[in-house]
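Asker:
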Amino acid sequence: LRTILLVDDEPNMRAALRRSLHGEGYHLLTAGSAEEAARVVESAAVDLVVCDQMMPGQTGTEFLAWLAERQPAIIRILLTGCPTAETALDAINQGRIYHFFTKPCDPLDLAVTIRHALEQKSMVENTRRLLDEMEAAFRNGLDLLQAARHLLAERGEEARRPAEPPLSPEGLPERDREEKVVVTGGSEP
Amino acid sequence: MLEALNIQVLIVRMMNMAVLCSANDDQLHLSAKVLEHMLEGVVITDAQGRIRSVNPAFVRMTGYQEAELIGQNPRILKSGKHDADFYRNMWAAIEQTGQWQGEVRNLRKDGEEYTAWLTISSIRDPEGQVSHLLGVSSDITRRRRAEEALLLSEERFCVGLKNSPITMFLVDRDLRLRWAYNQERGFAARQDLGQRADEVLPEGGAAELMDLERSVLERGAGERREVRIPFEGRELFYDVTAEPFRDPSGQIGGVTVAAMDITDRKLAERAIQETEERFRRLMLRAPVGIFLTDAEGGALFVNQRWQELAGLSEEEARGYGWARALHAEDRERLLGEWSEIGRKSEKHRLEDFRFQRPDGSVSWLTTSVVALRNDRGELTGHLGAVTDITNLKLAEEEVRKEQEKLDLVTRNIGVGLAIISRDYETLWANELLREIYGDVVGKKCYVTYNKRQAICPSCGVQEVFAGGKDKVVHEQMGFDSAGNRVWAEIIATPLKDKEGNITSALEVVFPITKRKLMEEALRDSEERFRLSSFAAQDAIILLDNDGRITFWNPAAERILGYSEQEVLGRDLHAFLMPPRFREAYQASFPNWRRTGRGDAVGIVRELSALRKDGVEILVELSISSVRHRDKWNAIGILRDVTQRKVLELQLRQAQKLESIGQLAAGIAHEINTPTQYIGDNATFLKKAFDDLVKVLEAYRRRGEAVGAGAAPAARRAELEGPVMRAELEYLFEEIPRAIDQTLEGVDRVAGIVRAMKDFSHPGREEKVPADLNRAIKNTLAVSRNEWKYIAEVETDLDPSLPEVTCLPGEINQVLLNLIVNAAQAIEEAVRGTARKGKIRVETRRRGDRVETRVADDGTGIPEAIRTKVFDPFFTTKPVGKGTGQGLSIAYNVVVNRHGGTIQFETEVGKGTTFIIDLPVDPVRTSTSPDLGETRETALRNEVNA
Chain S
15 LRTILLVDDE
25 PNMRAALRRS
35 LHGEGYHLLT
45 AGSAEEAARV
55 VESAAVDLVV
65 CDQMMPGQTG
75 TEFLAWLAER
85 QPAIIRILLT
95 GCPTAETALD
105 AINQGRIYHF
115 FTKPCDPLDL
125 AVTIRHALEQ
135 KSMVENTRRL
145 LDEMEAAFRN
155 GLDLLQAARH
165 LLAERGEEAR
175 RPAEPPLSPE
185 GLPERDREEK
195 VVVTGGSEP
Chain W
650 MLEALNIQVL
660 IVRMMNMAVL
670 CSANDDQLHL
680 SAKVLEHMLE
690 GVVITDAQGR
700 IRSVNPAFVR
710 MTGYQEAELI
720 GQNPRILKSG
730 KHDADFYRNM
740 WAAIEQTGQW
750 QGEVRNLRKD
760 GEEYTAWLTI
770 SSIRDPEGQV
780 SHLLGVSSDI
790 TRRRRAEEAL
800 LLSEERFCVG
810 LKNSPITMFL
820 VDRDLRLRWA
830 YNQERGFAAR
840 QDLGQRADEV
850 LPEGGAAELM
860 DLERSVLERG
870 AGERREVRIP
880 FEGRELFYDV
890 TAEPFRDPSG
900 QIGGVTVAAM
910 DITDRKLAER
920 AIQETEERFR
930 RLMLRAPVGI
940 FLTDAEGGAL
950 FVNQRWQELA
960 GLSEEEARGY
970 GWARALHAED
980 RERLLGEWSE
990 IGRKSEKHRL
1000 EDFRFQRPDG
1010 SVSWLTTSVV
1020 ALRNDRGELT
1030 GHLGAVTDIT
1040 NLKLAEEEVR
1050 KEQEKLDLVT
1060 RNIGVGLAII
1070 SRDYETLWAN
1080 ELLREIYGDV
1090 VGKKCYVTYN
1100 KRQAICPSCG
1110 VQEVFAGGKD
1120 KVVHEQMGFD
1130 SAGNRVWAEI
1140 IATPLKDKEG
1150 NITSALEVVF
1160 PITKRKLMEE
1170 ALRDSEERFR
1180 LSSFAAQDAI
1190 ILLDNDGRIT
1200 FWNPAAERIL
1210 GYSEQEVLGR
1220 DLHAFLMPPR
1230 FREAYQASFP
1240 NWRRTGRGDA
1250 VGIVRELSAL
1260 RKDGVEILVE
1270 LSISSVRHRD
1280 KWNAIGILRD
1290 VTQRKVLELQ
1300 LRQAQKLESI
1310 GQLAAGIAHE
1320 INTPTQYIGD
1330 NATFLKKAFD
1340 DLVKVLEAYR
1350 RRGEAVGAGA
1360 APAARRAELE
1370 GPVMRAELEY
1380 LFEEIPRAID
1390 QTLEGVDRVA
1400 GIVRAMKDFS
1410 HPGREEKVPA
1420 DLNRAIKNTL
1430 AVSRNEWKYI
1440 AEVETDLDPS
1450 LPEVTCLPGE
1460 INQVLLNLIV
1470 NAAQAIEEAV
1480 RGTARKGKIR
1490 VETRRRGDRV
1500 ETRVADDGTG
1510 IPEAIRTKVF
1520 DPFFTTKPVG
1530 KGTGQGLSIA
1540 YNVVVNRHGG
1550 TIQFETEVGK
1560 GTTFIIDLPV
1570 DPVRTSTSPD
1580 LGETRETALR
1590 NEVNA
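Residue numbers (my numbering), protein chains in the order written: chain S, 15 to 203; chain W, 650 to 1594.
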């Protein structure tokens, strides 16, 4: 079950978002300010944040920028009623957000975007898991191969075969880090 | 000398005898003895001239020894000073007479010259033959020298006498002339020797001289007298000194007389005496008083006339006694003047003064004084002449009285009067004229009045003298006694004698200086006014008491289109004032005509005016009332401010747009958020409705199925599907909430939109009664986004607040500016904290005024900038946060446009409170339904377009 945090200082707004996402099968959390939201993401595993821009205290952009540093795996969406170019630039560059919504937006649009984002997140996570498994398997294979080579050498076969470079995990191509996956995903909404 | 001669002769005779009787030894011996002791030098030669014998005296005289001389010729003694003739004569005399006497100059042995008196005798033998020569010589060198000296001195004496008027002579006891120095001009001459004076001088001319001579003889003492000698018809005078002349025995042998001719001097003296006498007589009897003083001013002499005038005798007048004669009133002045007399010029005239005689009678006197000086130029005294001018003074007094009488008569007629003679001299002038021009009487009129050297070019008097005109009027500029320019209008008329000849001219002089100066000043002032009004960029219009135009400057023509000719004399308001204002004007005009007061007088106001082309323009007009000829006139200065008004309107519009622009983002946010959740809720409700419809459908079908007898289990499953999916419980709970919240959101949006509309007040540019509380609420609403994240707003609005007549749009702008400022002050204070500030807005009624307070607990205003906060363009905000116009606009709106006040209280770190005080019904200054308003609206519309 995916967990979504909705951040808005306006209670009616939080209620409306809850209703929009009701029945989508998410675990929904809400916060009335950036400060409250920060506490929530520290204490609970959150997959996605939908955040308002204009709030008392920290703005949405500021919070999302903090979050991008802190927990880059959480997908960040900004929803603002004050769509200035400055806000958008800050949100993209500092907050590294997945999507920029302006109020009012179509609730279905929002829901679909959230679903896609989470699917992408799932794909990334699955891919990583597979890679992890593959790597583990490959390492096992290598270990086996090494053992086999030692075994052959011990059996005197060593002299007739040309020398091969030793295999090591460093020789494998480096895998992409999560951030890179997210950014790639972000650039293809 | 006579004695010497005699002695020599005696000796020669003796010697002759001795030589002749040489036979007689005794005698010879005796002779030798005599010779030896004689003082005279004796030399005896033979017939051949050889020296046979010399005596010791001769030896001493010549310096030769006897032996050296014997046998020599006496020629050895020759000095060479005598020529050949001298010796020839000498020898000839000896040949003929046997003797020669004379002076010879010889040389001694030592070469020194000596002079000797020499007697040479020839001694003959009995046969008569010259046997010897005898020479007897006396050394007379010293005597000769003395004689020469005497002669020289006598010569000198005589020469001296010759050049002096002195005659010298000697008379014996019988008074006969014995010696006289020949004097060309005198009574004693050589030819008169032996005669007595009375024998020489006829007719008793010698009497005084002889009297003197006798007196000296008798008294035996010298005497000096002045002697008069009538001679040849005239008188000679001598200063004679006579001394007794004594012979060696001491007997008086005669008298020596020295007489000096003093005839010339005597005659001169006598002439002087006579002159002096005559002068003295003249002075004594002169008809003018004469006085003579010493150098110190003390009187030495006063004449008869003076004594009469002063009433003092000469004795009394001596020294400073004369001062007693001075009249008491004049004494001090005259003595003062007199003490200065030594310093005055050689000839000096004293101020007229008076003598008062002991009998009390008074004379007026005029006195001239001459300084007397001796040969060395030193002041010795003064000679003065005093003339009695009493009659003159009386005459002057008469004249003065006459003049006073005339003055009295002519004093108050206010015009100057003068009689001018044909020589252009002022014969008489009245007091007024003299007051202006000074002392003019007796002087040339063109000099005194006009400072000219000749008759003035446009002389009225000259025209009168030319004849034919009984009256000449002209205006003339002249100079008063102080040299200032004065103007006069002069009427000249001729004055005629019985025969009708013009003898003089009467001038009637009207002083018009004041008028002239005023005219000049007026001309200057008019010129200045004309120049300045012509140069002015503003229209300057003058109206008379009937509202008619009397002056219209070029700027007026330029601004309003009418030329001066078109408008002069016309009623200004009839064509310049838009018809809709005329009624109000006509109502107030009569009051202005009377009092010079009116709503528009003394202030600057904006009005509409009709241009000639019919276009209404906006003008700024200031009207001043001036009292002219007892009536109120008006000066209007009018400036076309249409262009400025357009710019002002544009600016105000721009400012409004700017503030709305600032708010736009916030308002968008305020609207967008409700819109968002309204949309969300609507979507939710739609979906919920779909779900519920499905449930209801299921129930309907079930009802039908029950009716048709379907299996109950299947029916339940059919029923439970939709219900489960719709989560009915959730729907029942959320649908009402969603509806409520949606409605709330709709209200929010509607409220903001309404506040925005109220806030901006489109199309209202006149003062209307407005609810300030509502204005505050609106402003807070539209600005909510500006403050809601940083501050709580607290309002304390007086419910009893009356409506305030104002320009609501502008007041809203003021409130907005204050609230935004408050929010920004708080933001600065709370930045980086979770704290929220507080904005408190309060309204209170204070009598007929309303006070609005906008308080924040922000940073406060630093002391240094407190005086600048209302200055335009002064701002502490970063670029992009504000133009610095906010408070300046607030000030302008509150103070200038509403007659209110705006102040603030502030404390750094604690916050600021702005206090606006507005009159409920503001003074109708620029706000009355004036001419500008409609036009301004029209203009704004143009701007908007």
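Even for Gly, the Cβ is constructed at its ideal location relative to N, Cα and C.
Got a sec: is the Cβ-Cβ distance from residue 1333(W) to anything in chain S below 8 Å?
Answerer: Yes, because at least one Cβ of chain S sits closer than 8 Å to the Cβ of residue 1333(W).
Asker: Can you tell me the Cβ-Cβ gap for residue 1329(W) and residue 16(S), rounded? I've got them flagged as a contact below 8 Å.
Answerer: Actually they are not in contact, since the Cβ atoms of residue 1329(W) and residue 16(S) sit about 20 Å apart, beyond 8 Å.
Asker: Assess contact between the segment 972-984 of chain W and the segment 992-1009 of chain W, defined as three or more Cβ pairs (one per stretch) separated by less than 8 Å. Is contact present?
Answerer: Yes: at least three Cβ pairs fall under 8 Å.
Asker: Considering only the alpha carbon of each residue, which of 908(W), 758(W), 1098(W) and 1451(W) lies closest to residue 891(W)?
Answerer: Closest option to residue 891(W), Cα to Cα, is 908(W).
Asker: Report the neighbours of residue 135(S) on chain W: residues whose CB is nearer than 9 Å to its CB, in chain order.
Answerer: Going along chain W, no residue has its Cβ under 9 Å from residue 135(S), so there is no contact; the nearest lies around 23 Å.
Asker: Contact check, residue 1408(W) vs residue 1427(W) under 8 Å by CB: the rounded distance?
Answerer: That pair is a contact at about 5 Å.
Asker: Hey, residue 1297(W) and residue 26(S) are a contact pair by Cβ (cut 8 Å); roughly how many whole angstroms apart?
Answerer: Not quite, the Cβ-Cβ distance comes to about 45 Å (not below 8 Å), so this is no contact.
Asker: Using only CA atoms, which one of 19(S), 151(S) and 36(S) lies nearest to residue 122(S)?
Answerer: Ranking the options by Cα distance to residue 122(S), first place goes to 36(S).
Asker: For residue 617(W), which residues in the same chain have their Cβ closer than 6 Å to its Cβ, ignoring the five residues on either side in sequence?
Answerer: Any question about residue 617(W) goes unanswered here, given that chain W covers just 650 to 1594.
Asker: Using a Cβ-Cβ distance under 8 Å, would residue 95(S) count as near chain W?
Answerer: So yes, residue 95(S) belongs to the interface.
Asker: Considering residue 743(W), what are the terminal residues of the beta strand (DSSP E) in which it resides?
Answerer: Here residue 743(W) belongs to no beta strand (DSSP E); instead the alpha helix (DSSP H) covers 733-746.
Asker: If contact means a Cβ-Cβ distance below 9 Å, which residues of the segment 49-71 of chain S contact chain W?
Answerer: Correct list: 49, 66, 67, 68, 69, 70 and 71.
Asker: Apart from the five residues just before and just after residue 18(S), which ones in its own chain have a Cβ nearer than 6 Å to its Cβ?
Answerer: Answer for residue 18(S): 40, 42 and 62, listed in chain order.
Asker: Distance check for residue 1152(W) and residue 1076(W), CA to CA, integer angstroms please.
Answerer: The alpha-carbon atoms of residue 1076(W) and residue 1152(W) are separated by roughly 11 Å.
Asker: Keeping to the same chain, check which residues put their C-beta closer than 7 Å to that of residue 1581(W); ignore five residues upstream and five downstream.
Answerer: Per-residue confidence for residue 1581(W) stands at a pLDDT of 36, beneath the threshold of 50, marking its modelled position as unreliable; the derived number appears in the next sentence. Taken in chain order, the residues that qualify are 1255, 1256, 1257 and 1267.
Asker: Put residue 686(W) into one of helix, strand or coil per three-state DSSP.
Answerer: Of the three classes helix, strand and coil, the one that applies to residue 686(W) here is helix, per DSSP.
Asker: Do you know how far the Cα of residue 1125(W) is from the Cα of residue 1135(W)?
Answerer: Their backbone Cα atoms lie some 8 Å apart in a straight line.
Asker: Checking contacts by CB at 8 Å: is residue 1487(W) closer than that to chain S?
Answerer: It does not; no Cβ of chain S falls within 8 Å.
Asker: Starting from the beta carbon of residue 122(S), find every residue of chain W whose beta carbon is closer than 8 Å, and list them in chain order.
Answerer: The answer, in chain order, is 1332.
Asker: Ends of the alpha helix (DSSP H) at residue 1460(W)?
Answerer: Where residue 1460(W) is concerned, the enclosing alpha helix (DSSP H) stretches over 1457-1479.
Asker: Using the Cα positions of residue 1588(W) and residue 1503(W), report the straight-line distance between them to the nearest angstrom.
Answerer: Summary for residue 1588(W): the model assigns pLDDT 40, below 50, so the residue's position carries little reliability, and this model does not support an answer.
Asker: Can a CB atom of chain W be found closer than 8 Å to the CB of residue 15(S)?
Answerer: Chain W, which has no Cβ nearer than 8 Å to the Cβ of residue 15(S), makes this no.
Asker: Find the residues of chain S that neighbour residue 1390(W), judging by a C-beta separation of less than 8 Å, and give them in chain order.
Answerer: Under the 8 Å cutoff, chain S gives 26, 29 and 30.
Asker: Could you tell me which chain S residues have their CB closer than 7 Å to the CB of residue 1474(W), listed as they occur along the chain?
Answerer: Under the 7 Å cutoff, chain S gives no residues; its nearest Cβ is about 17 Å from residue 1474(W).
Asker: How many angstroms separate the CA atom of residue 1310(W) from the CA atom of residue 1521(W)?
Answerer: Roughly 20 Å separates the two Cα atoms.
Asker: For residue 1065(W), write down the residues that DSSP places opposite it in a beta bridge.
Answerer: Note: residue 1065(W) sits in a beta bridge opposite 1158(W).
Asker: Could you please give me the residues that DSSP links to residue 766(W) through a beta bridge?
Answerer: For residue 766(W), which the question treats as bridged, DSSP gives the partners 752(W) and 787(W).
Asker: Output needed for residue 1398(W): all residues of its chain with C-beta closer than 6 Å, excluding positions within five of it in sequence on either side, in chain order.
Answerer: For residue 1398(W), where only same-chain residues beyond five positions count, the Cβ hits under 6 Å are 1320 and 1323.
Asker: When you compare the segment 84-101 of chain S with the segment 141-156 of chain S, are there three or more beta-carbon pairs, one atom per stretch, that lie closer than 8 Å?
Answerer: With the cut-off at 8 Å, the segment 84-101 of chain S and the segment 141-156 of chain S do not touch.
Asker: Roughly how many angstroms lie between the CA atoms of residue 145(S) and residue 53(S), to the nearest whole one?
Answerer: Their Cα atoms are separated by approximately 33 Å.
Asker: Just checking, does the segment 1042-1051 of chain W make contact with the segment 1129-1145 of chain W on the three C-beta pairs under 8 Å criterion?
Answerer: Short answer: they don't touch.
Asker: Using DSSP with H/G/I as helix, E/B as strand and the rest coil, what is residue 988(W)?
Answerer: Three-state result, residue 988(W): helix.
Asker: Could you round the C-beta distance between residue 64(S) and residue 20(S) to whole angstroms and report it? I think they count as a contact, below 8 Å.
Answerer: Confirmed, about 5 Å.
Asker: Assign residue 912(W) to one of three DSSP states: helix, strand, or coil.
Answerer: Of the three classes helix, strand and coil, the one that applies to residue 912(W) here is helix, per DSSP.
Asker: Cα separation between residue 766(W) and residue 752(W)?
Answerer: Each residue's alpha carbon lies about 5 Å from the other.
Asker: Given a cut-off of 8 Å on the beta-carbon distance, is the pair residue 1209(W) and residue 1261(W) in contact?
Answerer: For residue 1209(W) and residue 1261(W), yes; Cβs fall inside 8 Å.
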